[in-house]
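What follows is a short report on a single structure.
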Amino acid sequence: MQKKEKRQIEKKLRIPLFWKFMIGIFVVVLIFGSINILLIHRIIYRSLESELQQRSLYISRTISEQSIDHLLYDDVVGLNRLVDDMKSVDASVEYVFILDRNREVVAHSFENYFPYTLLDIDHNLEAEDEISVIYIKSVDSDELIRDILVPLLGGSAGFARIGLSEEHITRTINRASATLLGMVLVFFITGVAGALVFSYMLTYPVKSISQISGNLDFSTIRNKKVESAQRYPGAIEQVMSYLPVDELDMLVENFNMMVSRLQKAYDELELAQKKLVQSEKMASVGALAAGVAHEVNNPLAGLMHCIERIKKNPGNREEIIKYTA
């Protein structure tokens with residue numbers, strides 16, 4: 022039954038304990054890093070989104086406050102100066118243009134020509150809305166633009182349109198993600214290096230005990246070639262001996278004591294066997310001596326009997342001749 026179970030164990034896939042530790046730590050670090058990247062990515066995006074929303078409100082209110090007077094007095098030069106200033110102040114501002122109440126373009130920040138396709142975009146502005154925000158693609162590229170419509174005096178004076186680029190959010194998120202990814206990578210390399218040392222220290226005594234127990238048989242015990250298990254490899258054993266003991270230290274010590282007792286028991290058994298063989302030899306010699314003595318005693322007893330008879334009747338010649346012939 023035990024041989025059958027042993028064969029079944031030998032047929033199973035073997036993965037050293039060291040690599041089980043390494044795989045486990047690798048998976049934990051990978052999952053932990055991935056979750057952190059996703060969470061921080063989301064937090065950064067929401068933070069930047071909130072910041073851009075606040076910036077949109079600020080720019081919208083600023084334009085609304087400063088452009089009304091120019092519209093009321095038909096100051097086109099002042100409006101153009103205003104939109105140019107607003108575009109130059111913030112790098113995320115893609116464009117700014119002002120519409121009169123008939124939705125005709127009065128001033129804009131475009132250098133060459135005004136893309137009238139922007140006027141085809143319907144914001145569906147409600148009467149109670151302070152501003153309206155929609156997302157569109159840039160005229161010159163596929164970049165996402167946050168298009169903001171600001172009614173001036175409820176739309177009676179006109180409208181202001183501002184386009185804010187979403188690209189800086191993407192760049193910031195990418196930089197933050199790259200930084201975080203680098204941190205996770207450093208953490209991963211450091212963790213794997215630490216896990217490598219830790220796993221090696223942790224599995225070394227188990228591996229040592231496994232090898233010694235696998236080679237332990239009567240031949241090694243008879244030849245006194247049984248090795249002692251070690252808690253730490255080489256010279257590290259002396260350095261680490263100053264640390265408090267743990268379960269593995271106790272395991273190594275108990276295993277070495279068990280092997281020592283096994284060696285001692287075998288030596289005592291071998292000595293007892295030698296004594297038993299010696300006793301059997303002495304018993305055989307005693308039996309042989311007893312047999313020889315018996316064989317010698319029988320004729321001696323007959324001889325002594327004859328001598329006694331002769332001593333009792335020294336004159337009986339016939340008897341003397343009979344016993345001595």
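All you need for our numbering is the position in the sequence shown, starting with 1, plus 21.
Ideal Cβ positions, reconstructed from N, Cα and C, are used throughout, including at glycine.
Coil, strand or helix - residue i by DSSP
i, result
"residue 168", "strand"
"residue 16", "With the chain covering 22 to 346 only, the question about residue 16 has no answer from this structure."
"residue 182", "strand"
"residue 226", "helix"
"residue 145", "coil"
"residue 63", "helix"
"residue 22", "Because the pLDDT of residue 22 is 46, which lies under 50, any placement of that residue in the model is unreliable, and the number read from its coordinates should be weighed accordingly. Three-state DSSP puts residue 22 in coil, outside helix and strand."
"residue 36", "coil"
"residue 336", "coil"
"residue 343", "helix"
"residue 244", "coil"
"residue 123", "coil"
"residue 187", "coil"
"residue 162", "coil"
"residue 30", "Reliability fails at residue 30, whose pLDDT of 46 lies under 50, so the model's placement of it is uncertain and the value that follows must be treated cautiously. Three-state DSSP puts residue 30 in a helix."
"residue 79", "helix"
"residue 94", "coil"
For residue i: DSSP bridge partner residues
i, result
"residue 235", "Paired residue(s): none; residue 235 is not in a bridge."
"residue 155", "168"
"residue 129", "118"
Own chain residues within Cβ distance below 6 Å of residue i, not counting five before or after
i, result
"residue 233", "248 and 250"
"residue 132", "none"
"residue 36", "none"
"residue 229", "250 and 251"
"residue 92", "178 and 179"
beta-carbon residue i near the ligand PLP non-hydrogen atom, thresh 7 Å
i, result
"residue 116", "Questions concerning the ligand PLP fall outside what the structure shown contains, since it holds no ligand whatsoever."
N-terminal and C-terminal residue of the alpha helix (DSSP H) that residue i is part of
i, result
"residue 175", "Residue 175 -> no alpha helix (DSSP H), and no H or E assigned at all."
"residue 288", "268-333"
"residue 139", "Looking at the DSSP string, residue 139 is not in any alpha helix (DSSP H), and its letter there is neither H nor E."
"residue 106", "97-110"
Residue interval of the beta strand (DSSP E) (run including residue i)
i, result
"residue 115", "114-120"
When the options are compared against residue i, the one with the closest alpha-carbon
i, options, result
"residue 283", "155, 61, 126 and 242", "242"
"residue 267", "278, 117, 279 and 253", "253"
"residue 74", "45, 153, 46 and 53", "153"
"residue 69", "240, 111, 187 and 333", "187"
"residue 170", "164, 195, 84 and 226", "84"
"residue 46", "319, 238 and 219", "219"
"residue 270", "90, 222 and 42", "222"
"residue 110", "122, 80 and 138", "80"
"residue 208", "82, 50 and 303", "50"
"residue 78", "228, 321 and 167", "167"
"residue 137", "145, 146 and 127", "127"
"residue 141", "151, 307 and 124", "124"
"residue 176", "151, 255, 155 and 330", "151"
Nonlocal neighbours in the same chain, by C-beta distance under 7 Å from residue i, ignoring five residues either side
i, result
"residue 236", "none"
"residue 105", "130"
"residue 88", "100, 103, 119, 173 and 181"
8 Å CB neighbourhood of residue i in its chain, flanking five on each side removed
i, result
"residue 43", "213, 216, 217 and 220"
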